[in-house]
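Asker:
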Amino acid sequence: MEPITVQHTFSPIFDKNSRLLILGTVPSVKSRENDFYYGHPQNRFWKLIAILCGEKTPVTKEEKTEMLLRHGIALYDVVERCTIVGSSDSSIKDVVPVDLTPILEQTGNIPIFANGATAEKLYRKYLFPKTGISAVKLPSTSPANAAWSLSRLEEAWREAMEPYLG
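In numbering that gives the first Met the number 0, the protein residues as written are 0 to 165.
#1: When burial is assigned at 16 or more other CB atoms within 10 Å of the CB, is P162 buried or exposed?
#2: I need the straight-line Cα distance from R18 to G107, nearest angstrom please.
#3: For A116, which of K136, L99, F127 and Y125 has the nearest alpha-carbon?
#4: I believe V77 touches Y37 by the beta-carbon criterion, under 8 Å. Please report the beta-carbon distance rounded to the nearest angstrom.
#5: So, at 7 Å on beta carbons, what are the nonlocal neighbours of L47 in its own chain, with the 5 sequence-adjacent residues on each side left out?
#6: So the alpha helix (DSSP H) V28 belongs to, where does it begin and stop?
#7: Output needed for C81: all residues of its chain with C-beta closer than 8 Å, excluding positions within five of it in sequence on either side, in chain order.
#8: For a test of the three-state rule: what should DSSP assign to R80, helix, strand or coil?
#9: Give the range of the beta strand (DSSP E) segment to which F44 is assigned.
#10: Locate the beta strand (DSSP E) running through V112, then write down its first and last residues.
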């Protein structure tokens, strides 16, 4: 598979009531096809967030967006544009980071959580110098992170995020 240049094409999810921000790396092939975050059916993100929020797993983009906003969760990615092979975070090169200014201007300096090690590493390299807010690295919800069961993910994410969930 050849590397391709991808451009982030969907907007961040946030409003003035957002109390925490979750950042992924860059939309996967399936997410780009679906034009929405965490579009791969095996990615556990939506199931996990629903558990943490005490809700049923949302299905539509609208249900997902409404659940996040209802619970004060902002969602975006670190990478605006990059070169990538398929959906492989380890292949990411030529990074152009997103601009978090519109989110942070509206929400203030809210806690930032990185969905996986690559998201945290890229955030630290490209965005931390601009924001001054350290990101908490959480285990990835990706199906590639099969070593982490849903219950282990829930435990780790809940411990980190519980003070901010509404």
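Think of the CB as a built atom: it goes at the ideal place given N, C-alpha and C, for glycine as much as any other residue.
Source: prediction; values computed, not measured.
Answerer: In brief:
#1: With fewer than 16 other Cβ atoms within 10 Å, it is exposed.
#2: Distance between the alpha carbons of R18 and G107: 9 Å.
#3: For the residues K136, L99, F127 and Y125, the minimum Cα distance to A116 belongs to K136.
#4: Contact flag wrong, Cβ pair sits at about 15 Å.
#5: Hits under 7 Å: T140, L149, L152, E153 and W156.
#6: Note, V28: alpha helix (DSSP H), V28 to N33.
#7: Within the same chain, C81 has close Cβ partners T4, V5, V25, I91, K92, D93, V94 and V95.
#8: Secondary structure at R80: strand, using DSSP grouped into helix, strand and coil.
#9: That residue, F44, is in no beta strand (DSSP E); its alpha helix (DSSP H) goes F44 to C52.
#10: Correcting the residue identity first, residue 112 is Phe in this sequence and not Val. First-last of the beta strand (DSSP E) with F112: I111 to N114.
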